[in-house]
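Peer 1:
In my numbering, the protein residues as written are 426 to 1678.
Given below as structure tokens:
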């Protein structure tokens, strides 16, 4: 749901028209390499995805197979659906075909190709499942888990398919080679073969152990990614509460547990990869030693025939077979995790947009309905509700905080599972959620939400939703791109865009969940009169509201308490009934005023200020693009993509993270030591064969003088060579294991340090970073990139080191045999070096493209999870699935090109290596040498797998892009220091008075001289213990005023607290002394106690007292675990009003001298609001309080009022002074009069009384 720039139509992938020869030789990739050397590749250079790669096609196939599998298992008790079984039904023929054509190089690209298709298909059905999840299931799974499924688990299919066929190819080759060699050396072959086969059970055991550890790793990674998602979503609150260290500790503990499992997994992989290094050598040693011990003569032909055949088994049995076992085990675990997710509860009945056939039919009828979010909870959320809504009526739903008002709407939307009774809905539904659902895109895209543009209707909707003035503020008007979750909009603007989306949809039933709380009184009145009352006249409307002044104008009032409907009727009828409804209304300070005002209420529009500024439509033509590139607009920053090859500085930073130069030197020495012993064993064969030949042809004493002058005292022992070779072999095994474990430890240390450094930088980054980067982009680095550094990079390093050390050993040994072999080696080395540079120019760009095209997938997923109810209410699932498929297709295009060029490069290298082996072989026809040297040279040439080393070095370079992307975040700008310097650190008792002074303060969101100032030359003083009310139209700069106090953005000018310049002290020293109740209440998953007191500074008694003061004690006591009750991700198991009260509780606990309330009680009922206001007045009587409010009555008894408009402080004075002034803009006076004359008179009385105090 990110904004989409218009892209050129993609060109057709050249592989479609490529000939058979071109496909086999990868000649079709040459144009890509040529383009990659000339320019940095971008998304515009990607081709149209192949039909076999398209997400919708693959998703449909697997989704259909999964549905059949689920239905099949329903009829069989105890049988669970298998995702692998469903997947094999779709892809079995491709997997079988790959096994048949295994001998062709194209096989490798086919393997990865099928693995990619399985990944894409699995990702598609996971996303489709997300859109069908129940709210309860979503709470159990978390965004972190779903992101991990899409980033790491589905990738296991690629790895598994790549090695799958070696489970039968390896054993088959063992059988064939055993038969051949049995004819040559008889029973001796069984010694080596049995040794190799004995490793199979060990490999299987390690594979099984690896799968268990993989499951632990996945679960722990889920938790870490979930934590990171919560931190990213709530970063502003974390900064304001100075909770960075608390969350850093939690993430650190989570990371330690995750790394513990990853370390063991890496150890297992290292051990399995070490087998490659010595298993074949040891098998050769056992067979040939057994051959000699059985009394046979060892000649050059026999020794190197055995060596050659065992080397054929080296990769299939010691490498690929082991990897097939571990990858298959990991894939089984990942498949089980995906299966578990796919079997989570779904919405039983997805609403379909079916218009009502009879306009007189009952649109909503609920009979004896009881429902609860979790089947395990004892009490019902909705209890025995009976409701019949008449067509075309406006119905208000009211009640105290936590009375299940929103849950009633969720029941109608089929989101809340119905346990008892029936709910019948006849007609199409439109829905506006309580928490505005906005995604990264233009304002127009957010309003249309996939619907066709009707420009006249659109203009009308934006006018009645009071958005025209806001559009005029933005440089690109309604084409302005807003950040994820509308980060660049004010709370009121978000609410009105959210409402406009619901109203724009032509529906028969409108469910509006508290859309008026976040806006100013005059805007609220305009929205109710013009939008809800007039525009929706004749439509069925259910309006959840805490603005009780509108109840007289609705047709019916539905009064809820504890999930039950206590009464339904007109406003007058409910007043006559009495009950608790009367108490609810009478607690509203304006109750008596409304009784007198009824006959005098007029239907004025938005106030004069709004009328003056929105008289002209601000809507332009779609093609219109403002040249005024004002920085107030959200900067749609594409994800940064580095260019060129990975710089040495990236490797230097990685090695530094791994332990620095000492660790590098230590590991290097161990690596060279292991190769020294391995090469010694290889060379010893030549020596031993030559010795055997000399023994047969030369007298014993001559041999002693020729070969063993230094071993004269041992030469009489006939088994001397066996002893020596045994020692070399054992040392090779020991040092190889030591080398692999050391490499793993270094890589794990590097991964840990890189993650910690990136996390530290993220939490220290300014708010600008989070406002301009979607959460999916950041999560991509903490999930996929960190996952590659954790698990893929150590394997590549070990493999690369083994390959290069083997090549080094081959060069040394063959040079000793014949120095002339250095000539073709040098030529090939130079050729490969330039080929590698040529290849990396393209592959590095493609790998970065693959990474950046992956980020929108996670952002889209995150946005979808945040707005599930709205998406389903609008029946927008198909649109969002199509968008998800388009993101997947773009990623698949980049991935396939990267994969194809990688295999093409490998093919070209293989072709060159064939010439080298031919040169070495035919050179012996031109020169005479002994049989041992000839055999050694040829077998070493066969082992000269330089193409694998070069390819793996290129793969390392490509995988190092993950390190590069992580290191990029280490270079982010940071906020000023958290702690003050010793000479400027304030006293512990600071601030003692709570006096605040703003002097010529300006604020910018971007640290750029050209950036527009959001606040302009603000100056005012707040005296000790003063209560300051801050008012102004939505978007006027009220919240920015608070942001400046917390130094969240870039301040110019002066802010002093108790005559101390806040810019001189550390951010923690400043922010920890200011309590805040934020506009958007944020809770984190964990216990309620943790959410109140993450540092465990307060006793339970103090926590209970604070809860009592905010009217939550009784509710918390009813929870199963009290203070230790679990809070779901984002606090979704609490109502918005309850979340605001928990935030107020936090403020009470901190006992700071300064309190800031940013719409603290916007989502609570008037009775609770009155109680909270009373608590604040008594609890914070000796504190300075800054209150942003839309309800004028809540701030009318303040000492001073600040009136904001367009980033300026236009009025500052006592409420009475501003209400009665005859000079100045008289904005506050106008706002008060717009509510009604009787309200204005009451405001005057409250203000006069406050002035007397």
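Ideal placement from N, C-alpha and C gives every residue a C-beta, glycine not left out.
With a CB to CB cut of under 7 Å and the five nearest residues on each side skipped, what residues in its chain are close to residue 711?
Peer 2: Mapped onto the chain shown, residue 711 falls at position 286. Taken in chain order, the residues that qualify are 616, 617, 620.
Peer 1: Rounding to the nearest angstrom, what Cα-Cα distance links residue 954 and residue 975 in this structure?
Peer 2: Start at 1 with the first residue of the chain shown, and residue 954 comes out as number 529. Start at 1 with the first residue of the chain shown, and residue 975 comes out as number 550. If you take the alpha carbons of residue 954 and residue 975, they lie about 9 Å apart.
Peer 1: Leaving out five residues on either side along the sequence, give the residues of the same chain with a beta carbon under 6 Å from the beta carbon of residue 1316.
Peer 2: In the chain shown, residue 1316 corresponds to position 891, counting from 1. Closer than 6 Å at Cβ, skipping near neighbours: 1278, 1279.
Peer 1: List the DSSP bridge partners of residue 1285.
Peer 2: Numbered from its first residue, the chain shown carries residue 1285 at position 860. Answer is none; residue 1285 lacks a bridge partner.
Peer 1: Near residue 1231, what residues of its chain come up, given a Cβ to Cβ distance below 6 Å and the 5 sequence neighbours on each side ignored?
Peer 2: Counted from its first residue, the chain shown places residue 1231 at position 806. Counting only Cβ-Cβ distances below 6 Å, and skipping sequence neighbours, we find nothing.
Peer 1: Please classify residue 917 as buried or exposed, where buried requires at least 16 neighbouring CB atoms within 10 angstroms.
Peer 2: Taking the first residue of the chain shown as position 1, residue 917 is located at position 492. So residue 917 counts as buried.
Peer 1: Could you tell me which residues DSSP pairs with residue 795 in its beta bridges?
Peer 2: Walking along the chain shown from the start, residue 795 turns up at place 370. According to DSSP, which records beta bridges pairwise, residue 795 is partnered with 845.
Peer 1: Which class does residue 1441 belong to by DSSP, given the choice of helix, strand or coil?
Peer 2: Here residue 1441 is taken as the residue at index 1016 of the chain shown, counted from 1. If DSSP states are grouped into helix, strand and coil, residue 1441 belongs with the strands.
Peer 1: First and last residue of the beta strand (DSSP E) that includes residue 1633?
Peer 2: Position 1208 of the chain shown, counted from the start, is the residue given in the question as residue 1633. Run containing residue 1633: 1633-1638, per the beta strand (DSSP E) assignment.
Peer 1: Below 6 Å CB to CB, which residues in the same chain sit around residue 577 once its five sequence neighbours on both sides are set aside?
Peer 2: As a first step, residue 577 must be located in the chain shown, where it is residue number 152. These residues qualify, in order along the chain: 1212.
Peer 1: Round the Cβ separation of residue 1286 and residue 571 to the nearest angstrom and send it over; I've been treating them as touching at under 8 Å.
Peer 2: Within the chain shown, the letter at position 861 stands for residue 1286. Within the chain shown, the letter at position 146 stands for residue 571. Right, the Cβ-Cβ distance comes to about 6 Å (below 8 Å), so this counts as a contact.
Peer 1: Could you tell me whether the segment 1160-1167 touches the segment 699-718, using the rule of 3 or more Cβ pairs below 8 Å?
Peer 2: Touching, yes.
Peer 1: Among the residues of its own chain, which have a CB less than 7 Å from the CB of residue 537, if the five just before and after it don't count?
Peer 2: Locating residue 537 in the chain shown gives position 112, where the first residue counts as 1. The residues are 583, 587, 1324.
Peer 1: For residue 812, which residues of its own chain have a beta-carbon under 6 Å away from its beta-carbon, when the five flanking residues on both sides are left out?
Peer 2: Position 387 of the chain shown holds residue 812. Here the set comprises 791.
Peer 1: For residue 787, collect the residues of the same chain with a Cβ closer than 8 Å to its Cβ; drop the 5 residues on either side in sequence, then sort them by chain order.
Peer 2: Indexing the chain shown from 1 puts residue 787 at position 362. So the qualifying residues of the chain are 813, 814, 815, 816, 849, 851.
Peer 1: Take every Cβ of the segment 712-726, pair it with every Cβ of the segment 753-766, and state whether three or more of those distances are shorter than 8 Å.
Peer 2: Result no; under three Cβ-Cβ pairs closer than 8 Å.
Peer 1: With C-beta atoms as the reference, is residue 567 less than 7 Å away from residue 1216?
Peer 2: Sequence index remark: in the chain shown, residue 567 carries index 142 (1-based). Sequence index remark: in the chain shown, residue 1216 carries index 791 (1-based). Not in contact: residue 567 and residue 1216 (Cβ atoms no closer than 7 Å).
Peer 1: Within a Cβ cutoff of 6 Å, which residues of the same chain sit near residue 1201, ignoring the five residues on either side of it in sequence?
Peer 2: Along the chain shown, one-based indexing puts residue 1201 at 776. So the qualifying residues of the chain are 1280, 1283, 1284, 1287.
Peer 1: Assuming residue 1464 and residue 1577 form a contact by the criterion Cβ under 8 Å, report the distance between their Cβ atoms to the nearest whole angstrom.
Peer 2: As a first step, residue 1464 must be located in the chain shown, where it is residue number 1039. As a first step, residue 1577 must be located in the chain shown, where it is residue number 1152. 19 Å between Cβ atoms; not a contact.
Peer 1: So, at 6 Å on beta carbons, what are the nonlocal neighbours of residue 845 in its own chain, with the 5 sequence-adjacent residues on each side left out?
Peer 2: For the purposes of this step, residue 845 is taken as the residue at position 420 of the chain shown. So the list reads 795, once near-sequence residues are dropped.
Peer 1: Note the first and the last residue of the continuous alpha helix (DSSP H) segment covering residue 916.
Peer 2: In the chain shown, counting from the first residue as 1, residue 916 sits at position 491. First-last of the alpha helix (DSSP H) with residue 916: 916-929.
Peer 1: Which two residues bound the contiguous beta strand (DSSP E) that contains residue 1680?
Peer 2: What is shown of the chain runs 426 to 1678, which leaves residue 1680 out entirely.
Peer 1: In terms of residue numbering, what span does the alpha helix (DSSP H) encompassing residue 1665 cover?
Peer 2: Here residue 1665 refers to the residue found at position 1240 when the chain shown is read from its first residue. Its alpha helix (DSSP H) spans residues 1662-1677.
Peer 1: Just to confirm before moving on: does the CB-CB distance between residue 1196 and residue 908 stay below 7 Å?
Peer 2: Within the chain shown, residue 1196 is the residue found at index 771, counting from 1. Within the chain shown, residue 908 is the residue found at index 483, counting from 1. It is a contact, given that the beta carbons lie within the stated cut-off.
Peer 1: Identify the continuous alpha helix (DSSP H) that holds residue 646 and give its terminal residues.
Peer 2: Walking along the chain shown from the start, residue 646 turns up at place 221. Taken as a continuous stretch (DSSP letters only), the alpha helix (DSSP H) holding residue 646 covers 614-658.
Peer 1: Need the endpoints of the alpha helix (DSSP H) that residue 1296 sits in, please.
Peer 2: Walking along the chain shown from the start, residue 1296 turns up at place 871. Segment 1293-1298, the alpha helix (DSSP H) holding residue 1296.
Peer 1: Just to confirm the assignment, what range does the beta strand (DSSP E) spanning residue 1423 have?
Peer 2: Within the chain shown, the letter at position 998 stands for residue 1423. Looking at the DSSP string, the run of the beta strand (DSSP E) that includes residue 1423 is 1421-1429.
Peer 1: Out of 1241, 1402, 932, which has the shortest C-alpha to C-alpha gap to residue 963?
Peer 2: Numbered from 1 along the chain shown, position 538 holds the residue referred to as residue 963. With distances taken between Cα atoms, residue 963 lies closest to 932.
Peer 1: If we count Cβ pairs, one from each stretch, closer than 8 Å, do we get three or more for the segment 1298-1315 versus the segment 472-485?
Peer 2: Contact between the segment 1298-1315 and the segment 472-485 is present, because at least three Cβ pairs lie under 8 Å.
Peer 1: Less than 7 Å between C-beta atoms, sequence neighbours within five positions excluded: which residues of the same chain meet that for residue 1564?
Peer 2: In the chain shown, counting from the first residue as 1, residue 1564 sits at position 1139. Only 1506, 1508, 1556 meet the Cβ criterion.
Peer 1: Looking only at its own chain, which residues have a Cβ that is under 6 Å from the Cβ of residue 767, when we skip the five neighbours before and after it?
Peer 2: Looking up residue 767 in the chain shown gives position 342. These residues qualify, in order along the chain: 554.
Peer 1: For a minimum of 3 consecutive residues, which ranges assigned as the beta strand (DSSP E) are wholly contained in the segment 809-845?
Peer 2: Qualifying beta strand (DSSP E) stretches, in chain order: 819-824.
Peer 1: My output table needs one value for residue 701: the three-state DSSP class, helix, strand or coil.
Peer 2: Mapped onto the chain shown, residue 701 falls at position 276. In this structure, residue 701 counts as helix in the three-state DSSP scheme.
Peer 1: Are there 16 or more other CB atoms within 10 angstroms of the CB of residue 842, so buried, or fewer, so exposed?
Peer 2: Taking the chain shown and counting its residues from 1, one reaches residue 842 at position 417. The residue in question, residue 842, is buried, as its Cβ has 16 or more Cβ neighbours within 10 Å.
Peer 1: Using alpha carbons as the reference points, say which of 1327, 1161, 1252, 1669 lies closest to residue 458.
Peer 2: On the chain shown, residue 458 is found 33 positions in, with the first residue counted as 1. Residue 458 has its Cα closest to that of 1327, out of 1327, 1161, 1252, 1669.
Peer 1: Just the Cα atoms here: how many angstroms apart are residue 1000 and residue 1544?
Peer 2: If you number the chain shown from 1, residue 1000 lands on position 575. If you number the chain shown from 1, residue 1544 lands on position 1119. So the alpha carbons of these two residues sit roughly 33 Å apart.
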